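Read through the structure below, which is laid out as structure tokens, and then see the notes.
In UniProt numbering, the protein residues as written are 1 to 91.
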């Protein structure tokens with residue numbers, strides 16, 4: 001992988017991670033570096049999933065692939081931020 005490829009992967013990962021954070025309701029107290037890691041992993045897994053389902057290579061913007069990536073990033077952010085554990089009712 002070239003330096004340009006690595007930089008591109010990091011930028012795409014940061015954008016996907018940020019979009020994933022926007023989708024999850026509430027404030028997530030996770031650092032930027034963890035958002036980047038979640039975004040990169042979600043981008044890679046989303047691309048693999050899009051290719052497996054045959055929607056990765058279309059004319060124009062691959063909206064379904066992007067949707068897969070953002071949903072996976074949102075799931076990753078929610079898991080890391082512990083979203084489900086904070087919603088318990090305290091008596």
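Just so you know, even glycine gets a beta-carbon here, dropped at the ideal spot from N, CA and C.
In this text, all values refer to a predicted model and were calculated from it rather than measured experimentally.
Residue i (DSSP reduced to helix, strand or coil)
i	result
residue 48	helix
residue 26	coil
residue 8	helix
residue 35	helix
8 Å contact criterion, which residue i and residue j should meet: CB distance rounded
i	j	result
residue 20	residue 77	5 Å
residue 46	residue 69	3 Å
residue 17	residue 36	6 Å
residue 73	residue 42	4 Å
Within-8 Å CB hit, residue i to chain E
i	result
residue 14	In the structure shown, chain E does not exist; there is a single protein chain.
Under 8 Å between C-beta atoms of residue i and residue j
i	j	result
residue 7	residue 39	no
residue 80	residue 22	no
Which residue spans inside the segment 50-82 form an unbroken alpha helix (DSSP H) run of at least 4? Fully enclosed alpha helix (DSSP H) runs of 4 or longer: 63-81.
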